[in-house]
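Number of protein chains: 4
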Amino acid sequence: MDRIEDIQGRKDHRQIAINRVGICDVQIPLTISGIEKDPAATQAVHAKADLSVDLVSENKGIHMSRMIESLLDMPQPLSPAHLSEVLEDLRERQDATRAELSFHFDYFLTRIAPVSKRAAPQAYRIGLSGSLDPEGFRIFQQVDVLVKTLCPCSKEISDYGAHNQRGCIRIRLEHDHSKPITICLEEIIEHAESCASSPLFPILKRSDERHVTMLAYDNPRFVEDVVREVVAGLKNEHRCVAYDVRVTNFESIHAHNAFASITDTPETGA
Amino acid sequence: MDRIEDIQGRKDHRQIAINRVGICDVQIPLTISGIEKDPAATQAVHAKADLSVDLVSENKGIHMSRMIESLLDMPQPLSPAHLSEVLEDLRERQDATRAELSFHFDYFLTRIAPVSKRAAPQAYRIGLSGSLDPEGFRIFQQVDVLVKTLCPCSKEISDYGAHNQRGCIRIRLEHDHSKPITICLEEIIEHAESCASSPLFPILKRSDERHVTMLAYDNPRFVEDVVREVVAGLKNEHRCVAYDVRVTNFESIHAHNAFASITDTPETGA
Amino acid sequence: MDRIEDIQGRKDHRQIAINRVGICDVQIPLTISGIEKDPAATQAVHAKADLSVDLVSENKGIHMSRMIESLLDMPQPLSPAHLSEVLEDLRERQDATRAELSFHFDYFLTRIAPVSKRAAPQAYRIGLSGSLDPEGFRIFQQVDVLVKTLCPCSKEISDYGAHNQRGCIRIRLEHDHSKPITICLEEIIEHAESCASSPLFPILKRSDERHVTMLAYDNPRFVEDVVREVVAGLKNEHRCVAYDVRVTNFESIHAHNAFASITDTPETGA
Amino acid sequence: MDRIEDIQGRKDHRQIAINRVGICDVQIPLTISGIEKDPAATQAVHAKADLSVDLVSENKGIHMSRMIESLLDMPQPLSPAHLSEVLEDLRERQDATRAELSFHFDYFLTRIAPVSKRAAPQAYRIGLSGSLDPEGFRIFQQVDVLVKTLCPCSKEISDYGAHNQRGCIRIRLEHDHSKPITICLEEIIEHAESCASSPLFPILKRSDERHVTMLAYDNPRFVEDVVREVVAGLKNEHRCVAYDVRVTNFESIHAHNAFASITDTPETGA
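Read top to bottom, the protein sequences are chains G, S, H and C. The first sequence begins at 251 in our numbering and counts up by one. The second sequence begins at 251 in our numbering and counts up by one. The third sequence begins at 251 in our numbering and counts up by one. The fourth sequence begins at 251 in our numbering and counts up by one.
Right under this line is the structure:
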C-alpha cells in the first residue's frame, strides 16, 4: 500500500473549480458489443480513450492512475449500454459530480460488391461517448461513412461527364438513454450511403465499377443535398433525441473541401 | 458573364434549412495586423480558412465560388477588427442570415533566452474566428502556448529529480466586439507562460539551460494548477466576455496525455 | 463472369516500366502471430496496408482489385514467416517480377508497474514489411518504443533537477529470411527501454512514480547516448542482417525535437 | 560567455559513430527566392526544418544550440543556390564530415481559371533539401501538385459518367549542383498538370467548371498513365541528375488509395 504522501489530495485555496480534468489519447484494446444488427456480434478494436471528471475548488488534483483503473475495470465486451456504469465508476473513484468519456475506434463490417458480390471488410470510424452529471446521463454515437458524391451542377452544365469525389458523412446521434439502443450501425451506414451519389466498396470488379459509375451519375448530389437527405431520415426518428450531421466533400476540382452541417432534434409528433 | 444555368439557385422542396454550408481547409496567404503589442506590426502568414453561411430551406445550394471571392476581397493587412466586415460580406453575397469564419495560422514572435539573451523566432498557433447572426457579432481569438510542466507529486515523493514534459496551454478568448481589442498576443503568451513551470525557448545556451532547469524545479505544476493559474488571471478580465482554457501535458512517464480545462465568463464586479 | 473489356490489360507504347504500382492506406483487420515471445500468442489488430508490384513497360496497368484479393486470401493468423508467400501471391496474380508490402498496426503488450506491480496494456506501433524480387526475399520489422530521456547536460550544470521528456526509439531490423525469426517483440522493447533513462508505463501508483523519477535521474541520456546504446546491443546481433535505429526526443525545453540515427549491418566476427 | 562545463564535448568510449544527429520539426520563418520563373520573386514562407550532421565515435554529443544558430545565420532571402553554404556552415560549427538539411513549406502561386480568367492563390507543398559529405554536395527539390484524375476503365466500361478524384503528383528532382538551377516551379507544376486528367483551381465559375469537367472526361488517366507521362517528360531532362515521381489517387470509389512510382536517372544521350 502506498504510504507516500498524497499531494493531489491536498487542499487548494484558489477557489477555482475545474470543469474537466483527466487523461486523453489513451490507447486501449477493447471488445465492443451491442452496435451491430446481430446482438451477439462482438469485435476486438483498438480504441483511443479520453476520460475526465470535474474537480471542486477545494481539492488540489485528481488521481490520474485511478482513471486508468476505471478503464481496466470496464465490463468486456463493452456495449453502449455499459457507458453509464463506467461513468458512475469514474465519478465515484474521483469523488466528482460529473464524468465524461469518449472512445474512438475503427470497426469493420463486411461489404458486398453490388454485382460480383465479392465480400471484403470496410473500416468505419466510430465515436462512442457519454456524460453523467446531476442532470442525468447522456450517450452519443458517431459514425463516419465515406461515400462518393457527384456534382449536379457539373453534370448539368457539361456536355458529358461530371466531377465526383470521395466524401465523408459524419452522423452523431444522441440516444435516448432511458430506452435500449435500437439504431444499429448497419442502419446508420445504409441510410448515409443512400443519401450520397454512391457507396464506396473495398473491392470492385469491372462489372461493379460500371454499376457504381452509372449509379453515381444517376444520383448527383451537392453537399447540401446529402446533408438534407440524411436529416430527412432523422427528423422523425424518435429513437434518438438529437442529431448532428456533417458532410465533407474532398472536391476533385479544388484543393479545398466543401461542407454542410445540420444540428437539430427530432420533431415532436402532433 | 455566365449564362450557364444556375443549378444552386433552384428551389428546394425538402423544407430543411442548413445551419452551415461552405468551404473548409482553404489555404490562403494573409498579412495579419492588430494582434501584437506594437499596433503597426504586420506578419505574412499562411492560413487555413473555414467559411460558412446558413441556407434557408427554399434554396438548393450556395455559391461556393463566391466564398473564395469573399476571401480574395478581404482587407489586407487583415486585423481582428476587420472580421465583422468580412462576415457581413459573406452573408450578403450568399443572401444568408448567419455567417461564420475561422483562420488558423502560425505566427512568429522573437523570444529571448533568459541568461544569454540570444534571440530567435518561436511559432505560436493562432486561431481567429467570428460569427455574425441576427443576435450580433462575436469574435474569438485562440493561442496555443507550449510550455514546460514539472510534476509536484514526482518532486515531493522522490529523493531527487522530478518528471517534467512539454505541455500546451490553449487559451481561447471571446472578445467584447463593442470595444477595441486591447489584449495583445504577447500579453496572453506571457500570462500563460507564467502559469507553467517554465517557458520554452527556441535557443538555449548552457547558462540558459541551467536557468530553465532550476526555474521549472522551483515551480512544480500539475495540469490542474496550470489551468487554475491561467483562469485566476482571467476571471476579473473585463476586456474579454468569455474564456476557455485547456492545458494538455505530454506526460514523460506515460504514453498518454493528461489534461484539464475550464470554460467560464469573467465575474461581474460588485 | 466479367465480359467487360479489360482496359488495364491493354498494351502500352511509352516504353516506361513502373517501379511500384499498387494500393495504399488500405485498412484491414488482421490476426497477427509469431512476434511475441510466446509462439502461440495471437492478437487481433487493425492494420494499414500498402501493397505494390512492378509493371513492365508493355502493359497499361495492373489489376487493383486483385491486390485486395491478395490481402483477403492471406493466411490468418498472419506471422512474419508468411510474408514471402503473400509476396509470391501478389507477384503471380499481377504477373510481376517484384512485389512489396507493408503493414503498420498497434500491438498491445501488458506492462507491469515497477513497484506496485499493477498491470495494464501498452500499445506499440509495429511495422512489418517485405519485398520479393529476382535477387530474393527480404523482411523487415519495425517497433516504436516510447521512453523517457533525461538530459545529462541539464543534470550536470544545474544545482537541482534536470529536464526530461518523452522520446521515441524506432528500431527497424532486417531479418535473415533464411532462418526462423527468433528476435521477439519483448526482446526488442526491453533492449530499447534499457537504453533510455526510463521506460514509460500505462499505470503508475505513487511508489512507482517515485521509482521512475529517480531511475531516470540516475540514468541521464542524450539522444546520442540512446542511439549508441541501442546499436551497442545490435552490432554483434547475427540474427539480423541490418538495422536502422532512430531516436527522437520531444524536448521539454524547446518546441522542436532532437534526433539521432544510425543505419548499419552487424559486424562480421573474426 | 558560458563557463559551465561542456558535457557534449566530452569523450565517448563506445566506439560507435552516429550517422545523423540534429534537430527536427523546427518551425522557422523564411524568405524564399530563386524557385519561381521570375528570378526576382521572393515569398515569406513558414518552413519546417530538419538539420543533422554526423558525429565521430570519439565525441559524446553535438551542440544543439549551434544548429539553431546555423538556421538563424542563413542568408535571407534563401535560394536553393545557398544550400551548400548553409550545409558548409553546419558542418563547420559541429566539426562534422557530413551535413544534411531539409525545409518543407507551402508556397503560393496565382492560378487563373481556364475560362473566366479569375485569379486566386494556390498553395504547393515544397521540399528543399541538400546534403554535403566528402563525396560532394547534392540538392533536391520536391513539389506536390494536386490534380484531378479520371479513370479510363470506368469511362470505357460505363454507358455514361466516369469516376474521378483528387490525386497528388509528387515530383522530386535531384539538381545538378554544378550548374545554376533552371527548372522553375511553374515548369514542374505545368508539366505535372499536363499529365493528369485536369489541373485543380482555387476558384471556378460555372463556365470554368464545365471546361474542367469535360477536359477531365476527354483525358482519362490511370495512376500508371500519369506517372509514365511525368517520366516521359523527365527522362531526357539533363538539367536534373535523378528524379523520383509518385502519383497517389484518393480513389472516389474506395476508401483506400492507389499509387504508382518511378525512380530513375535521365538517359544519357548517344
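Glycine is no exception: its CB is placed at the ideal position from the N, C-alpha and C atoms. Predicted model only: the values in this text are computed from it and were never measured.
Within chain C, not a single residue places a beta-carbon under 7 Å from that of A370 (chain H); the smallest gap is close to 30 Å. Counting only runs of 4 or more residues that sit fully inside the stretch 257–328 of chain S, the alpha helix (DSSP H) segments are 314–322, in chain order. In the structure shown, R478 (chain C) falls within a helical segment according to DSSP collapsed to helix, strand and coil.
Put simply, the backbone Cα of Q344 (chain H) is about 27 Å away from that of L484 (chain C).
DSSP places I407 (chain S) in the uninterrupted alpha helix (DSSP H) bounded by 402–407. In the DSSP assignment, R343 (chain G) falls within the alpha helix (DSSP H) that extends over 333–344.
Taking a 10 Å sphere around the C-beta of G380 (chain C), we find 16 or more other C-beta atoms and assign the residue as buried. Contact of Q277 (chain C) with chain S by beta-carbon distance below 7 Å involves D356, A373. With respect to the 8 Å criterion, K455 (chain G) and R375 (chain G) are not classified as neighbours on the basis of their beta carbons. S502 (chain S): not part of any beta strand (DSSP E); DSSP gives it neither H nor E. Where R471 (chain S) is concerned, there is no enclosing alpha helix (DSSP H), because DSSP gives it neither an H nor an E.
Assigned with DSSP and collapsed to three states, I439 (chain G) falls in helix. By the rule that beta-carbons nearer than 8 Å mark a contact, R270 (chain G) does not touch chain C. Listed in chain order, the non-local C-beta contacts of K261 (chain S) below 8 Å within the same chain comprise E308, N309, K310, local neighbours out to five positions each way being set aside.
Residue contact with chain S for F509 (chain H): absent (no Cβ-Cβ distance below 8 Å to any residue of chain S). For the C-beta of E443 (chain C), not a single chain H residue is nearer than 8 Å; the gap to the nearest is close to 18 Å.
Scanning its chain for C-beta atoms nearer than 7 Å, with the 5 sequence neighbours on each side dropped, one finds around M314 (chain H) the residues I273, in chain order. With contacts defined by Cβ atoms closer than 8 Å, I254 (chain C) and S457 (chain S) form a contacting pair. Chain order gives no chain C residues near V365 (chain H), where near means a beta carbon separation below 7 Å; the closest approach is about 30 Å. Under the criterion of beta carbons closer than 8 Å, C445 (chain S) and E479 (chain S) qualify as touching, at roughly 4 Å. I318 (chain G) sits away from P371 (chain H), with the two beta carbons spaced by 8 Å or more. For H296 (chain C), no CB of chain G lies under 8 Å from its own CB, so it is not counted at the interface with that chain. For A290 (chain G), the number of other beta carbons within 10 angstroms of its own is below 16, and it is reported as exposed. Contact annotation: K398 (chain S) and R416 (chain S) have beta-carbon atoms nearer than 8 Å.
Against chain H, the beta carbon of K310 (chain C) has neighbours under 9 Å at P402, F472, E474, D475, listed in chain order.
Listed by position along chain S, the residues whose Cβ is nearer than 9 Å to that of V481 (chain G) are R264, I266, I268. Within the stretch 348–391 of chain H, complete alpha helix (DSSP H) segments of at least 4 residues are not found at all. The beta carbon of P452 (chain S) falls within 8 Å of a beta carbon belonging to chain C, placing the residue at that interface.
G411 (chain H) and F500 (chain H) have their C-alpha atoms some 18 Å from each other. For D275 (chain C), the closest alpha carbon among the candidates C:L396, C:L351, C:T515, C:F472 is that of C:L351. Within its own chain, the residues whose Cβ lies closer than 6 Å to the Cβ of T515 (chain H), once the five positions on either side in sequence are excluded, are A492, listed in chain order. Here S448 (chain H) is not near V477 (chain H), since their CB atoms are 8 Å or more apart.
Chain-ordered, the chain C residues with CB closer than 7 Å to the CB of M314 (chain H) read A508. Closest in C-alpha terms to I278 (chain S), from the list S:R270, S:Q326, S:D256, comes S:Q326.
Where I421 (chain G) is concerned, the enclosing beta strand (DSSP E) starts and stops at 414–425. Residues of chain S with a Cβ closer than 7 Å to the Cβ of I512 (chain C) do not exist, since the nearest Cβ in that chain sits about 28 Å away.
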